[in-house]
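*Asks:* Residue numbers (my numbering): 583 to 896. Ideal Cβ positions, reconstructed from N, Cα and C, are used throughout, including at glycine. Because the structure is a prediction, the values reported are computed rather than measured. This is the structure I have questions about; it appears just below.
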Ligand code: SF4
Ligand code: SF4
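Okay, structure coming up:
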């Protein structure tokens, strides 16, 4: 048995802004939602979403002996969280900083290591967007926030610009958090109204075939980049978060690893024309943009300015 207060202390010391604790259960109430979403093809053929559905619903199948899910969140909001007025190619604010897969995993590992040191015999596994875990459902279950109509978790203190990570352990804790039950969206529909591709097909439901964030985070063809349109975004898309009233009043991240490594709003045509593979390595080498690589980001930026010129001549 672990004390919940001990877990929260380790999470705060590892650099997390929020930590909630949920008892492992099969998320049977999510079955219909997940199957409906997959049935509509809204996963845009992401084959990994269709694999391991039972493991997604039940952490006990994912990790033998699982008893507790520790959900941690880190605020990553930086000064480029709202690029709607930028005249230059836009890059999602999370992608301007160090890759969260690496930074979140390092923080989660610290917590698990400390738990293992203090409680020999306890075993666990860390996850951050890396395995079949319904992390948004677990964030709600652990009391961190609610599912916004843009399908992202919105937390009362840090809004939706938060990374989530989970540790599944094979021990129980003395106290579990209550699920978050308040609906913080109310009658607001700002994210649905603002999405330029109508990718939020109904509250809480995203058609990823139309979602710029998903389309631009993969190496895809020019044809795919223009259909549907990407509206000036060359990697990621923050629009449905930038318009959210909850994000307007949340603080910027205090974490050094969330600081942007460059400013896309001042990266004009001259910047991108000169931008070469060495610059990419130096500026973007630790960011998630490495996922698509230099050639793709450069090509998209160059295309952005060519399209602007074409539109100006028409
Ligand atoms: S990330 Fe962009 S494209 Fe995707 S749902 Fe939000 S506003 Fe729409
Ligand atoms: S913009 Fe409005 S509807 Fe969308 S997540 Fe934020 S509060 Fe909810």
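Tell me whether residue 816 sits in a helix, a strand or coil according to DSSP, three-state version.
*Replies:* Residue 816 falls in the strand class under three-state DSSP.
*Asks:* How do the segment 644 to 651 and the segment 807 to 827 stand: do at least 3 beta-carbon pairs fall below 8 Å, yes or no?
*Replies:* Output reads no: the segment 807 to 827 does not touch the segment 644 to 651.
*Asks:* For residue 606 and residue 719, I'd like the C-alpha separation in whole angstroms.
*Replies:* Those two C-alpha atoms are separated by around 12 Å.
*Asks:* Residue 652 and residue 692 look like a contact to me (Cβ under 8 Å); what is the Cβ gap, rounded to whole Å?
*Replies:* Contact doesn't hold; Cβ gap of about 12 Å is too wide.
*Asks:* Would you call the segment 879 to 894 and the segment 853 to 861 touching, i.e. three or more CB-CB distances under 8 Å?
*Replies:* Yes, the segment 879 to 894 is in contact with the segment 853 to 861.
*Asks:* Which full runs of the beta strand (DSSP E) of 3+ residues lie inside the segment 656 to 705, going along the chain?
*Replies:* With a minimum length of 3 residues, no continuous beta strand (DSSP E) run stays inside the segment 656 to 705.
*Asks:* Go through its chain and collect everything with a Cβ distance to residue 658's Cβ below 8 Å, but skip five positions before and after it.
*Replies:* Closer than 8 Å at Cβ, skipping near neighbours: 675, 676, 679, 682, 743, 744, 745, 835, 837 and 840.
*Asks:* Kindly examine ligand 1 and report whether one of its heavy atoms sits closer than 7 Å to the Cβ of residue 776.
*Replies:* True, at least one ligand heavy atom lies under 7 Å from that Cβ.
*Asks:* Report all residues from its chain with a CB closer than 8 Å to the CB of residue 767; omit the five preceding and five following residues, and keep chain order.
*Replies:* Closer than 8 Å at Cβ, skipping near neighbours: 728, 730, 731, 736 and 785.
*Asks:* Go ahead and label residue 583 buried or exposed: buried means 16 or more other beta carbons lie within 10 angstroms of its beta carbon, across all protein chains shown.
*Replies:* Flag for residue 583 reads exposed.
*Asks:* Which class does residue 604 belong to by DSSP, given the choice of helix, strand or coil?
*Replies:* In this structure, residue 604 counts as strand in the three-state DSSP scheme.
*Asks:* DSSP on residue 748, reduced to helix/strand/coil?
*Replies:* Strand.
*Asks:* So what does residue 729 bridge to, in DSSP terms?
*Replies:* Answer is 735, bridged to residue 729.
*Asks:* Could you check which residue in 791, 850 and 673 has the C-alpha nearest to that of residue 872?
*Replies:* Answer by Cα proximity: 673.
*Asks:* Tell me whether residue 732 counts as near ligand 1, meaning its Cβ is closer than 7 Å to at least one heavy atom of that ligand.
*Replies:* For ligand 1, at least one heavy atom lies less than 7 Å from the Cβ of residue 732.
*Asks:* Would you check if the distance between the CB atom of residue 697 and the CB atom of residue 783 is smaller than 8 Å?
*Replies:* Their beta carbons are not under 8 Å apart, which means residue 697 does not touch residue 783 by this criterion.
*Asks:* As an exercise, report each continuous alpha helix (DSSP H) stretch of at least 4 residues that is fully enclosed by the segment 607 to 644, in chain order.
*Replies:* Qualifying alpha helix (DSSP H) stretches, in chain order: 613 to 621, 629 to 632, 635 to 639 and 641 to 644.
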